[in-house]
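Worksheet: one structure, shown below.
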Amino acid sequence: AVICGHMARSRSRRSPAEYGGGGMAIAGLATGYVSIVLTIVAIAFFSFSGAMFLPAFSQAKSHAQAIHCSNNLKQIGLAFKTWEIDHTNQFPFNVKTNEGGTLELCQRGPDGFELDPTVHFLVLSNELSTPRILVCPADAKQPAADWQFLTASNISYRLRSGEAVNSRNPQQVLAICPIHNNVLRV
Numbered sequence: 139a140v141i142c143g144h145m146a147r148s149r150s151r152r153s154p155a156e157y158g159g160g161g162m163a164i165a166g167l168a169t170g171y172v173s174i175v176l177t178i179v180a181i182a183f184f185s186f187s188g189a190m191f192l193p194a195f196s197q198a199k200s201h202a203q204a205i206h207c208s209n210n211l212k213q214i215g216l217a218f219k220t221w222e223i224d225h226t227n228q229f230p231f232n233v234k235t236n237e238g239g240t241l242e243l244c245q246r247g248p249d250g251f252e253l254d255p256t257v258h259f260l261v262l263s264n265e266l267s268t269p270r271i272l273v274c275p276a277d278a279k280q281p282a283a284d285w286q287f288l289t290a291s292n293i294s295y296r297l298r299s300g301e302a303v304n305s306r307n308p309q310q311v312l313a314i315c316p317i318h319n320n321v322l323r324v
């Protein structure tokens, strides 16, 4: 509108008899400049208001990730319970390896959490749908592409093992998310 307004204004000044409508040219110029100013104001307003909403979006994303993390832990707990039903009411880390468990492969740290929980989760692979469940959505770790590629670097959750961690002690902590501090109890 600004460019066409300038062209029309220029023609009406050079040849007013041939190109009348100088008033229309001025109206076109005014409309063009007003629309430019309004566009700049609108961009500035929406940029500012968009920046105001960024913390809300970030908080909503964080909340959704915490819920997803909690669901992952619930699926892990369900896998342990399912495995337990089929194996003399014991979790894998309380069953000998020659009976299908991982008792001899436990590597507990001083806090009772496994240093490398990979072997325990591999035993549960039939009960867990995918190794993706083992990574918290807020964690930068990449999930294993398949169970055969699972390593400790593909697991977010800390797993606690030991004789006291069983269904007879439902208040015992089985797993924890170090990012959200979500806790999975037996």
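Numbering-wise, our numbering puts 277 at position 139 of the sequence shown, and it's gapless, one number per residue. Ideal Cβ positions, reconstructed from N, Cα and C, are used throughout, including at glycine.
Going by DSSP in three states, residue i sits in which element: helix, strand or coil?
i: LEU288; result: coil
i: ARG149; result: helix
i: LEU297; result: strand
i: ARG270; result: helix
At which residues does the alpha helix (DSSP H) containing residue i begin and terminate?
i: LEU253; result: Element bounds for LEU253: n/a, residue is neither H nor E.
In the DSSP assignment, the beta strand (DSSP E) including residue i goes from what residue to what residue?
i: ILE314; result: 311-314
i: ARG323; result: 321-323
Report back the beta-carbon spacing between residue i and residue j to the nearest angstrom; my notes put them in contact at under 8 Å.
i: GLY166; j: GLY143; result: 4 Å
i: ILE293; j: LEU272; result: 5 Å
i: PRO281; j: ARG296; result: Not really, about 16 Å apart at Cβ, beyond 8 Å.
i: LEU241; j: ASN232; result: 6 Å
i: SER291; j: LYS279; result: 6 Å
i: THR256; j: THR289; result: 6 Å
i: GLN245; j: GLU237; result: Their Cβ separation, rounded to whole angstroms, is 19 Å, which puts GLN245 and GLU237 out of contact at 8 Å.
i: LEU211; j: LEU322; result: 4 Å
i: GLN310; j: ALA302; result: 6 Å
i: ILE214; j: ALA313; result: 6 Å
i: PRO275; j: GLN203; result: 4 Å
Note down, one range per segment and in chain order, each beta strand (DSSP E) of at least 3 residues found wholly within the region 168-217.
As far as the region 168-217 is concerned, it has no whole beta strand (DSSP E) run of at least 3 residues.
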